[in-house]
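Colleague:
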Amino acid sequence: MKFGIEFVPDMKYYELEYYVKLAEDSGFDYTWITDHYNNRNVYSMLTILAMKTRTIKLGPGVTNPYHISPALIASAIGTINEISGGRAVLGIGAGDKVTFERIGISWEKPLKRMREAVEIIRQLTEGKAVKYDGEIFKFNGAKLGFKAGSIPIYIGAQGPKMLQLAAEIGDGVLINASHPKDFEVAKESIDAGLSKAGKSRDAFDTVAYASMSVDEDRDKARNAARIVVAFIVAGSPPTVLERHGLSEDAVNAVREALNNAFTKGDWGGVAKSVTDEMIDIFSISGTPDDVIERINELSKAGVTQVVAGSPIGPDKKKSIKLIGKEIIPKLK
Ligand code: F42
573 MKFGIEFVPD
583 MKYYELEYYV
593 KLAEDSGFDY
603 TWITDHYNNR
613 NVYSMLTILA
623 MKTRTIKLGP
633 GVTNPYHISP
643 ALIASAIGTI
653 NEISGGRAVL
663 GIGAGDKVTF
673 ERIGISWEKP
683 LKRMREAVEI
693 IRQLTEGKAV
703 KYDGEIFKFN
713 GAKLGFKAGS
723 IPIYIGAQGP
733 KMLQLAAEIG
743 DGVLINASHP
753 KDFEVAKESI
763 DAGLSKAGKS
773 RDAFDTVAYA
783 SMSVDEDRDK
793 ARNAARIVVA
803 FIVAGSPPTV
813 LERHGLSEDA
823 VNAVREALNN
833 AFTKGDWGGV
843 AKSVTDEMID
853 IFSISGTPDD
863 VIERINELSK
873 AGVTQVVAGS
883 PIGPDKKKSI
893 KLIGKEIIPK
903 LK
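Those letters in the sequence shown? Residues 573 to 904, by the numbering used here.
Here it is as structure tokens:
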């Protein structure tokens, strides 16, 4: 099992640098930095991290081919690869619909755009001159003026078609899920993509981009996950909610509690609306032993990398150290 950690660049660069160095020293293999226009710029932050770390692989988790051209994505990630001495990884997804609506981007043809962008980025980073006559992108002899190097491309995916595409054209897939059932369901689409491309599963990284909360005190760990889980429940498509047998009433209670929190600031009500079952389905939360048990189940369901995503724990610093001491060494 490989270990990754996700950070949102909603903090000062030196705080992010501190956490990522701590994660590197604690044995994490990858750090993924999220990309939304309202946070600090992902490549600016990755530049600092590339300079200040030594071994951890790093990249956006995930950027998208709507904000900027694939040419600029190739140039940016190539620069990070050069600065980091070959440690860059590119996480790319279709982007976030809600965020796009605020900045006037319409979410059209995500599958087509993803396929074309990844094909172009790969050719550019491999040093090729790109002539590309796609439905979305037209390139006419574009070429990077420096050696970007070989950069693994991971695709953020949840839907069956995007999962299949990720397996067909990516080196890995970042799946926003924490429960083995979601990976058992994803397996069919991943296998279809791999077989279309004639690739073996061994050469492909299936990543659980999970919400994680770890503490020696189980209740503390689980309580720290409640607000994040509420957002995941509220944003999950009906197919996912049905898969886990969650009642409509319970889900509506979470949505209502979130509305109250936004209008009246009642975040305690949100925490109360989240059931223990929801915490089990949408996060990996508990003591180090609880987390190890869940990661073993994920491994059986085909997961090859677990990413510790928000909240990580009630005390981020303590939890990162705890994962490094009590979890990573037992699963490597
Ligand atoms: N999004 C961000 O904006 N920033 C992040 O930092 C971020 C991190 C992240 C990490 C892991 C992860 O898994 C996702 C993450 N995301 C992040 C979200 C990501 O950008 C994508 O929104 C998400 O992964 C895509 O979800 P999805 O696999 O469900 O794909 C969508 C597009 C979907 O609806 N897929 C369907 C499917 O079956 O896969 C298919 C849709 C379809 O068929 N579309 C047609 C087409 O041609 O594309 C027609 C649509 C049309 O417009 O006509």
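Note that the Cβ used here is the ideal one computed from N, Cα and C, for glycine as well.
In terms of residues, what are the limits of the alpha helix (DSSP H) holding aspartate 905?
Modeller: Within the shown structure, residues of the chain are numbered from 573 to 904, placing residue 905 beyond reach of any answer.
Colleague: Looking at glycine 881: is its Cβ nearer than 8 Å to the Cβ of serine 722?
Modeller: Against a cut-off of 8 Å, the Cβ pair of serine 722 and glycine 881 comes out as no contact.
Colleague: Between which two residues does the alpha helix (DSSP H) carrying asparagine 795 extend?
Modeller: Run containing asparagine 795: 790-807, per the alpha helix (DSSP H) assignment.
Colleague: Would you list the residues sitting across from aspartate 705 in a DSSP beta bridge?
Modeller: According to DSSP, aspartate 705 bridges with Lys710.
Colleague: Candidates His639, Arg815, His816 and Gly841: which alpha carbon is nearest arginine 827's?
Modeller: When only C-alpha atoms are compared, the closest one is Gly841.
Colleague: How close, in whole Å, do the beta carbons of tyrosine 591 and isoleucine 892 come, if the pair is a contact with beta carbons under 8 Å?
Modeller: Yes, they are in contact, since the Cβ atoms of tyrosine 591 and isoleucine 892 sit about 7 Å apart, within 8 Å.
Colleague: Below 8 Å on the Cβ atoms is my contact criterion, and I expect proline 637 with valine 614 to pass it. Report the Cβ-Cβ distance as a whole number of Å.
Modeller: Not quite, the Cβ-Cβ distance comes to about 14 Å (not below 8 Å), so this is no contact.
Colleague: Quick check on the DSSP output: what are the complete alpha helix (DSSP H) runs of length 4 or more inside the stretch 719-745, in order along the chain?
Modeller: Fully enclosed alpha helix (DSSP H) runs of 4 or longer: 732-741.
Colleague: Are the Cβ atoms of phenylalanine 718 and glycine 663 separated by less than 8 Å?
Modeller: Cβ distance not < 8 Å, so phenylalanine 718 and glycine 663 don't count as in contact.
Colleague: Report the option in Ile762, Glu654 and Ile675 whose CA atom is closest to the CA atom of arginine 773.
Modeller: It is Ile762 whose Cα lies nearest to the Cα of arginine 773.
Colleague: Say whether chain B places a C-beta atom closer than 8 Å to the C-beta of lysine 904.
Modeller: Any reference to chain B falls outside this structure, which holds one protein chain only.
Colleague: Between which two residues does the beta strand (DSSP E) harbouring threonine 603 extend?
Modeller: 602-605 is the extent of the beta strand (DSSP E) around threonine 603.
Colleague: Out of Asp789, Glu820, Ala780 and Leu830, which has the shortest C-alpha to C-alpha gap to valine 801?
Modeller: Comparing Cα positions, the closest option is Leu830.
Colleague: Name the one or two DSSP bridge partners that glycine 576 has.
Modeller: DSSP lists Tyr602 and Val879 as partners of glycine 576.
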